[in-house]
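Student:
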Amino acid sequence: MSSGDEQAKPPTEAELADMDRDQLVKLGTKLDGVEIVHYPEPWPVKGTKAEKRAERTIALWFALSAIAGLGFVVSLIWWPWQYEPPNHEDSHFWYSLYTPMLGITLGVSVLALAIGVLLYTKKFVPNEVAVQERGDGGSKEIDKATIVAQLADSGNRSTIARRSMIKRTAGLGAGALGLATVALPVASFIKNPWKDSETKDSLWHTGWQPQYPGEVVYLRRNTGHLGHEPEEPSLVRPEDLDAGAMETVFPFRESERGDHEALAKALKRSDNPVMLIRLRPADAARVVKRKGQEDFNFGDYYAYTKICSHVGCPTSLYEQRTNRILCPCHQSQFDALHYAKPVFGPATRALAQLPITVNEEGYFVARSDFIEPIGPGFWERKS
Ligand code: FES
Numbered sequence: 001m002s003s004g005d006e007q008a009k010p011p012t013e014a015e016l017a018d019m020d021r022d023q024l025v026k027l028g029t030k031l032d033g034v035e036i037v038h039y040p041e042p043w044p045v046k047g048t049k050a051e052k053r054a055e056r057t058i059a060l061w062f063a064l065s066a067i068a069g070l071g072f073v074v075s076l077i078w079w080p081w082q083y084e085p086p087n088h089e090d091s092h093f094w095y096s097l098y099t100p101m102l103g104i105t106l107g108v109s110v111l112a113l114a115i116g117v118l119l120y121t122k123k124f125v126p127n128e129v130a131v132q133e134r135g136d137g138g139s140k141e142i143d144k145a146t147i148v149a150q151l152a153d154s155g156n157r158s159t160i161a162r163r164s165m166i167k168r169t170a171g172l173g174a175g176a177l178g179l180a181t182v183a184l185p186v187a188s189f190i191k192n193p194w195k196d197s198e199t200k201d202s203l204w205h206t207g208w209q210p211q212y213p214g215e216v217v218y219l220r221r222n223t224g225h226l227g228h229e230p231e232e233p234s235l236v237r238p239e240d241l242d243a244g245a246m247e248t249v250f251p252f253r254e255s256e257r258g259d260h261e262a263l264a265k266a267l268k269r270s271d272n273p274v275m276l277i278r279l280r281p282a283d284a285a286r287v288v289k290r291k292g293q294e295d296f297n298f299g300d301y302y303a304y305t306k307i308c309s310h311v312g313c314p315t316s317l318y319e320q321r322t323n324r325i326l327c328p329c330h331q332s333q334f335d336a337l338h339y340a341k342p343v344f345g346p347a348t349r350a351l352a353q354l355p356i357t358v359n360e361e362g363y364f365v366a367r368s369d370f371i372e373p374i375g376p377g378f379w380e381r382k383s
């Protein structure tokens, strides 16, 4: 009987329900005009050394995936991630490995799982050679039933049911990788924004927060001597900037003088960088100030956080001609003449403005910390 005859007389529903998997597989191929030319068992002789070796190799890859996935979770939570200056040689070494550890462990976990799956498919899933006519229209009930049978048959022939070592290690690898992918978003909730909310180390404050009432926090430039700062910090005076210029500044307090570690920490702290902009006089005359922040500037000088309000990249570019501050990550633009409100791109909030003045010695100083959290939003943030 030809396959064309079988297609002309499909079985009734009752006949279909009575068929076993083998019959359904054959029926499926005939109905689809498929001719299986070659359908070898992957391991016709059971229990050979080669078969066991293949099984062990695959299990090893899955086990490696599991170990690396768990390594990622452990690194994410317990690896020393807080900044250590270069002169703390031991602790700086371990701190500097934090990001590589996350990348390596997660990468190895994904890669090992993929290699395990590929090897399993190659070694144990039957590779039949079949020829099929191309058909039109959607799938019929018969096609659906027979394709399920074919898939089940394929799974059965791949002998996965009796390969408990592979099943266990694959489950372990997939589970560890799943744990790692869940740990990533969950980790972002671990830092409690309310913890120490009065100190400069909370999400509500930056390094510009005075550590005691009346502490003077100067604006200081980075002279490129990280960890080996000169004795005299490079503080900023109004006459240091030409009209239309921008300078990146960091906080400096007297208690840090000569303390290379504290000075380096202030440069490294991610929420510290501030853009000090001196507007050209004609532009300064057109400035629109934010309500409640009318006195945050000093003359033509405006200080905005350098941390983008989109997802926190450094907004490092200031275009003098248009007075726009540009974030290179996703091209948000902020209008420096309009309290740095976003005028283009995905950012939706203005860059936070640092209130500044000049003290009796002629140096720029911060009048306080930012009055709102800087950078990207978080749930508890109101501004
Ligand atoms: S982080 Fe600045 S535009 Fe996205």
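The sequence shown begins at 1 in the UniProt record's numbering and counts up one residue at a time.
Backbone N, C-alpha and C fix where the C-beta goes; we use that ideal spot for every residue, glycine too.
From a predicted model like this one, the values you see are computed outputs, not experimental measurements.
Quick one: does the C-beta of SER332 sit closer than 8 Å to a heavy atom of ligand 1?
Tutor: The answer is yes for SER332.
Student: Residues bridged to ASP335 by DSSP?
Tutor: Paired residue(s): ARG324, LYS341.
Student: TYR218 bridges to which residues according to DSSP?
Tutor: PHE252, VAL365.
Student: Any idea if GLY173 is buried or exposed, counting beta-carbon neighbours within 10 angstroms, 16 or more meaning buried?
Tutor: With 16 or more Cβ atoms within 10 Å of its Cβ, GLY173 is classed as buried.
Student: Quick check on the burial criterion: 16 or more other C-beta atoms within 10 angstroms. Buried or exposed for GLY375?
Tutor: So GLY375 ends up on the buried side.
Student: Return yes when the Cβ of VAL129 is within less than 9 Å of the Cβ of VAL37, no when it is not.
Tutor: Yes, the Cβ-Cβ distance between VAL37 and VAL129 is below 9 Å.
Student: Exposed or buried, ALA347, counting other C-beta atoms within 10 Å across all chains shown (16 or more means buried)?
Tutor: Buried is the call here.
Student: Would you grab the beta carbon distance between GLU41 and PRO126 for me? Rounded to a whole angstrom, and I think it's under 8 Å.
Tutor: About 7 Å separates the two Cβ atoms, so the contact holds.
Student: In three-state DSSP terms, what is LYS246?
Tutor: Looking at the sequence provided, one finds Met at residue 246 rather than Lys. Residue state, collapsed to three classes: strand.
Student: By DSSP's criteria, PRO314 is part of a beta bridge. Which residues make up the other side?
Tutor: According to DSSP, which records beta bridges pairwise, PRO314 is partnered with ILE307.
Student: Compare the beta carbon distance of LEU354 and VAL274 with 9 Å and say whether it is the shorter of the two.
Tutor: In contact: LEU354 and VAL274 (Cβ atoms closer than 9 Å).
Student: Could you tell me the alpha carbon to alpha carbon distance between ASP143 and ASP32, rounded to whole angstroms?
Tutor: About 8 Å.
Student: Helix, strand or coil, according to DSSP, for TYR302 in the structure here?
Tutor: Strand at TYR302.
Student: Taking ASN323 as the reference, which of THR121, ASP300, LYS268, VAL311 has the closest Cα?
Tutor: Of THR121, ASP300, LYS268, VAL311, the residue nearest in Cα terms is ASP300.
Student: I believe TYR302 touches ILE325 by the beta-carbon criterion, under 8 Å. Please report the beta-carbon distance rounded to the nearest angstrom.
Tutor: Actually they do not touch by this definition, with Cβ atoms about 10 Å apart.
Student: In angstroms, rounded to a whole number, what distance separates the CA positions of ALA183 and ARG367?
Tutor: Each residue's alpha carbon lies about 40 Å from the other.
Student: If you measure from the CB of GLY377, is any heavy atom of ligand 1 nearer than 8 Å?
Tutor: Flag unset: Cβ of GLY377 not near ligand 1.
Student: Under a Cβ-count criterion, where at least 16 other Cβ atoms within 10 Å of its own Cβ denotes burial, should SER65 be classed as buried or exposed?
Tutor: SER65 comes out buried.
Student: Can you tell me where the beta strand (DSSP E) with ALA112 in it begins and where it stops?
Tutor: That residue, ALA112, is in no beta strand (DSSP E); its alpha helix (DSSP H) goes 98–124.
Student: Is there contact here, the stretch 42–62 with the stretch 153–169, by at least three beta-carbon pairs under 8 Å?
Tutor: Touching, per the Cβ criterion.
Student: Considering Cα atoms alone, identify which of VAL358, LYS123, GLU247 is closest to LYS52.
Tutor: Answer by Cα proximity: LYS123.
Student: For GLU215, I'd like the list of residues in its chain whose CB is within less than 7 Å of its CB, leaving aside the five on either flank, ordered along the chain.
Tutor: Once the five neighbours on either side are set aside, the close Cβ partners of GLU215 are ARG253.
Student: Look at LEU219 and ILE356 and say whether their C-beta atoms are less than 9 Å apart.
Tutor: Taking 9 Å as the Cβ cut-off, LEU219 and ILE356 qualify as a contacting pair.
Student: Does THR223 come out as helix, strand or coil in the three-state DSSP assignment?
Tutor: Coil, per DSSP.
Student: Keeping to the same chain, check which residues put their C-beta closer than 7 Å to that of LYS341; ignore five residues upstream and five downstream.
Tutor: These residues qualify, in order along the chain: PHE334, ASP335, ALA350.
Student: How far does the alpha helix (DSSP H) with THR206 in it reach, from first residue to last?
Tutor: Premise fails: THR206 is in no alpha helix (DSSP H) and is neither H nor E.
Student: When you compare only the Cα positions, how much space is there between SER309 and GLN320?
Tutor: The straight-line gap from Cα to Cα measures roughly 21 Å.
Student: Counting C-beta neighbours from all protein chains within 10 Å, is the total for MET1 16 or more, i.e. buried, or is it exposed?
Tutor: Bear in mind that a pLDDT of 39 at MET1, under 50, signals an unreliable position, so the number given afterwards is only what the model happens to contain. Exposed, because fewer than 16 other Cβ atoms sit within 10 Å of the Cβ of MET1.
Student: On a Cα-Cα basis, can you pick out the residue from ASP369, LYS46, PHE296, LEU70 that is closest to LEU179?
Tutor: Nearest option by C-alpha distance: LEU70.
Student: Rounded to the nearest angstrom, what separates GLU232 and ARG257 at their Cα positions?
Tutor: If I take the Cα positions, the gap works out to 7 Å.
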